Each structure stands twice: as structure tokens, then as C-alpha cells.
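What the sequence shown shows, in the working numbering, is residues 13 to 208, in sequence order. As C-alpha cells, the structure follows; a few thoughts come after it.
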Amino acid sequence: MEKPAAVILAGGDGRRLGGVEKALVTLNGRKLIDHTLEHLQPQSGNLALSLRVHKPWADAYDLPVVLDRPTTEVGPLGGIAASLIWATSLTPAPSWVVTVPVDAPFLPSTLIERLTTTDGDIAVAHSNGRAHHAVAAWRPHLADPLIDALRHGAMAIHKFQSQHNVVDVEWTGETIDPFYNINTPSDLADAAQHLV
Numbered sequence: 013m014e015k016p017a018a019v020i021l022a023g024g025d026g027r028r029l030g031g032v033e034k035a036l037v038t039l040n041g042r043k044l045i046d047h048t049l050e051h052l053q054p055q056s057g058n059l060a061l062s063l064r065v066h067k068p069w070a071d072a073y074d075l076p077v078v079l080d081r082p083t084t085e086v087g088p089l090g091g092i093a094a095s096l097i098w099a100t101s102l103t104p105a106p107s108w109v110v111t112v113p114v115d116a117p118f119l120p121s122t123l124i125e126r127l128t129t130t131d132g133d134i135a136v137a138h139s140n141g142r143a144h145h146a147v148a149a150w151r152p153h154l155a156d157p158l159i160d161a162l163r164h165g166a167m168a169i170h171k172f173q174s175q176h177n178v179v180d181v182e183w184t185g186e187t188i189d190p191f192y193n194i195n196t197p198s199d200l201a202d203a204a205q206h207l208v
């Protein structure tokens, strides 16, 4: 059975972490991108990195690098649009593309399976009563409407998602939120306690 494609959204500038490359932030001796890869790689077929512009550190990973299109605005939606375009170029083309941010070190092993066994156009991960809009599965045919939305000024992921057939997929019972993401030094310290 075909494994869906997946893309790690690694274009953020980590402003609340002091303007560092988020992918390279160290958590318990390992880069955030390495934590994310550990969880995501076994679940996915084709896997790529999404960046705003090419970064030298990406060369160390044997993964395709998907760059934001210059005709779209920067931000998560720009990375998602570029990811969907990349997926349509694959042979065979995947039925789904799963996106995750690079700063989520506790991704569940069932992430891709659960998100892609739905009937919607988009499946969004939920936990603790909260939607994690960047942790989602997307049908590749949404590339064109997403690019059009970006050209008309769309920036918020949830607003674009609300205009399509979205399925919410809930995770419960974990000791730590599987979609905990790291935005601040205190988030980093808290995550480190859960990895001890």
C-alpha cells in the first residue's frame, strides 16, 4: 500500500527563540529536525523539507528541499502550497501530503495513518481541545486553490482550511501533547523534562 508523502515545514525564523534556525535548536543533545525525522520518516513514503530559501544545513539531509514559490507570500501557507506542488510532480502522485512543523518533537507513530484514513480534502490533528492546523493531511489537488488564495492575500491556515471539506482527527490519553510545539525557551525547557 502506498505511503503518503510528507513535508517538514522548517522555514520559520524562531523569533521567540532569539532568531535562531528552529530546525537546528538543540533539545536534549539532538536538533529539533532530528527528533521530527525520527518520528515521521518511518511513516511516510516520499519525505521533503520545506524552506523559504535554501539553507546550507539542509544539505546534510538526504531529502528533497521544497522552496517557497517567489510568487507567494512567506509563511506556513506558502510552504504548504509549495509542498502540494512538489507532491503533484511525484510518480506515482500521492493521494495525500502530510505537513508537520519542525518544532514538534513528540509526534505520534500513528500520525500519518490516522490523518490519511479519512474522507475529507484536509484532515487536521486535534489534541486537548485544540486544532493543530499545520499538522494536517492535504489532498494535492488543493495546490491551485491554495496558490489562488495566497495571491488574494490569504495567510491564516485555519481560514483556508475552513473553506474546504475538513475532518478533525482527535488524539487523547497521551502523557504529553503529541503536537506540543516549541516557540520559546520555556517551551524548550519543558520539552526537555519530558524526554528525560
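Using N, Cα and C, we set each Cβ at its ideal position, and we do this for glycine too. From a predicted model like this one, the values you see are computed outputs, not experimental measurements.
Please state whether DSSP places G47 in a helix, a strand or coil. Within the sequence shown, residue 47 is the residue found at index 35, counting from 1. Here the sequence assigns His to residue 47, which means Gly is not the residue at that position. Here H47 sits in helix by DSSP.
Does the Cβ-Cβ distance between S139 and W183 come in under 9 Å? The residue given as residue 139 occupies position 127 in the sequence shown. The residue given as residue 183 occupies position 171 in the sequence shown. It is a contact, given that the beta carbons lie within the stated cut-off.
From G94 to A148, what does the alpha carbon distance come to, in whole angstroms? In the sequence shown, residue 94 corresponds to position 82, counting from 1. In the sequence shown, residue 148 corresponds to position 136, counting from 1. The question names Gly, but residue 94 is Ala in the sequence shown. Near 15 Å, if we compare the C-alpha coordinates of A148 and A94.
Any 3 or more C-beta pairs closer than 8 Å across the segment 29-49 and the segment 67-75: yes
Considering only the alpha carbon of each residue, which of T196, L162, V179 lies closest to F172? One-based indexing of the sequence shown puts residue 172 at position 160. Considering only alpha carbons, the answer is L162.
Nearer than 8 Å: is that true of the beta carbon of M167 relative to any heavy atom of the ligand COA? The ligand COA is not part of the structure shown, which contains no ligands of any sort.
Buried or exposed by the 16-neighbour rule on C-beta atoms within 10 Å, applied to R151: Position 139 of the sequence shown, counted from the first residue, corresponds to residue 151. So R151 counts as buried.
Looking only at DSSP bridge pairs, what is V114 linked to? Locating residue 114 in the sequence shown gives position 102, counting from the first residue. Note: V114 sits in no beta bridge, so no partner.
Taking three-plus beta-carbon pairs below 8 Å as touching, is the segment 187-199 in contact with the segment 153-162? no
Inter-residue CB distance, L127 and V114 (contact presumed, cutoff 8 Å): Along the sequence shown, read from residue 1 onward, the residue named residue 127 stands at position 115. Along the sequence shown, read from residue 1 onward, the residue named residue 114 stands at position 102. Actually they are not in contact, since the Cβ atoms of L127 and V114 sit about 18 Å apart, beyond 8 Å.
Helix, strand or coil for T100, going by three-state DSSP, please let me know. Stepping through the sequence shown from its first residue, residue 100 is reached at position 88. DSSP places T100 in helix when its eight states are reduced to three.
From A143, G41, H170, V78, pick the residue whose C-alpha is nearest to that of P190; which is it? For the purposes of this step, residue 190 is taken as residue 178 along the sequence shown, with counting starting at 1. Here the closest residue by C-alpha is A143.
Would you tell me roughly how many angstroms separate the C-alpha atoms of S101 and Q175, rounded to the nearest one? Within the sequence shown, numbered from 1, the residue matching residue 101 stands at position 89. Within the sequence shown, numbered from 1, the residue matching residue 175 stands at position 163. In a straight line, the C-alpha of S101 is about 25 Å away from that of Q175.
Restricting to Cα atoms, I'd like to know which of L89, P16, Q205 is closest to A209. Coverage of the chain is limited to positions 13 through 208, which leaves residue 209 absent and any answer about it impossible.
For H144, list the residues DSSP reports as bridge partners. If you number the sequence shown from 1, residue 144 lands on position 132. The partner list for H144 (beta bridge, DSSP) reads A137.
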